[in-house]
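Student: Pasting in a structure now, in structure tokens, and then I'll have a few things to ask.
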Amino acid sequence: MTARIEIIRNFLDPASCQALAEWALENEATALGEGHFKVGAWQNRRTSRSIPKDRYTLPPLAYQIRDRIHALFPEPRPRIAHNGGKDGVIIVATYPGGDTVDHLDPQPVPGVDLLRANIVVQSAESEGGLYVGGEQVDIGQGDLHLYAVCQHTHGVRTVGGSRPRIIWLFSFCVNGADWDAGRIQIKPPPAG
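Take 5 as the starting number for the sequence shown in the numbering used here and just add one per residue.
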């Protein structure tokens, strides 16, 4: 099945992107950890996924964005996923030379998939493209993009340049087949 990827361009304004990128870099030691082991070497990627949730406090802006995304869904809204990250929020910083290998995320429980609503708050200077189902996805800094991560392989190619690619992931529980088939819709965000 083809991945359904919804993109809302410029969902997050430049000032909010900058604030979240700065928060991630300033809190790297407590919120993003030491990095991940990959094929005999440490890769240049840090994530909050496996950091104990009591080690850091997310900024209020993260909760405002999560709630704004959640409000895009009509009632009954999907449940916020609390596996990995804190309060349904995961932060990933991929440094130059780092990547995220193509993978499927595990289902939190059988029959339940994760719908990730992601926002790149700091783009890489070069490379670092997102691929879903083997196809590159055209996203820019501040664009919200949603897809079922348990249903479709996804990964980020090697980041180039001198600064990290920083992404904030907001997680919701859905039936991935229903999402891909369009049975779960999102409303356009309010203007302004």
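The beta-carbon is built from N, C-alpha and C at its ideal position, and this holds for glycine as well. Small disclaimer: the values here were computed from a predicted structure and weren't measured.
Is there contact here, the region 82–96 with the region 164–181, by at least three beta-carbon pairs under 8 Å?
Tutor: yes
Student: Report the residue from Asp117, Tyr99, Asn31 and Pro63 whose alpha carbon sits nearest the alpha carbon of Gly165.
Tutor: Tyr99
Student: Grab me the residues of Pro56's own chain with a C-beta within less than 7 Å of its C-beta, minus the 5 sequence neighbours each way, in chain order.
Tutor: none
Student: When you compare only the Cα positions, how much space is there between Pro168 and His158?
Tutor: 19 Å
Student: Would you tell me roughly how many angstroms separate the C-alpha atoms of Gly133 and Thr162, rounded to the nearest one?
Tutor: 8 Å
Student: For Tyr151, write down the residues that DSSP places opposite it in a beta bridge.
Tutor: As a beta-bridge residue in DSSP terms, Tyr151 pairs with Arg120.
Student: Taking C-alpha atoms, which residue in Tyr67, Arg49, Ser20 and Ala23 lies nearest to Thr33?
Tutor: Looking at the sequence provided, one finds Ala at residue 33 rather than Thr. Checking every option, the nearest Cα to that of Ala33 belongs to Arg49.
Student: Starting from Ile170 and walking both ways along the alpha helix (DSSP H), at which residues does that stretch end?
Tutor: Per DSSP, Ile170 lies in no alpha helix (DSSP H); the unbroken beta strand (DSSP E) holding it starts and ends at Arg169 to Val178.
Student: Identify the residues that DSSP records as bridge partners of Leu134: which are they?
Tutor: Val141 and Val160
Student: Drop a sphere of 10 angstroms on the beta-carbon of Gly89, count the other beta-carbons inside from all chains shown, and report buried for 16 or more, exposed for fewer.
Tutor: buried
Student: Note down, one range per segment and in chain order, each beta strand (DSSP E) of at least 3 residues found wholly within the region 47–83.
Tutor: 49–51
Student: Closer than 8 Å by C-beta to Ala128: which residues in its own chain qualify, once you throw out the five before and the five after it? Chain order, please.
Tutor: Thr98, Pro100, Val163, Gly164, Gly165, Arg167, Pro168 and Arg169
Student: Report the rounded CA-to-CA distance for Gly186 versus Ala152, giving the unit in angstroms.
Tutor: 12 Å
Student: Could you check if Leu108 is buried or exposed, using at least 16 other CB atoms within 10 Å of its CB as the buried criterion?
Tutor: exposed
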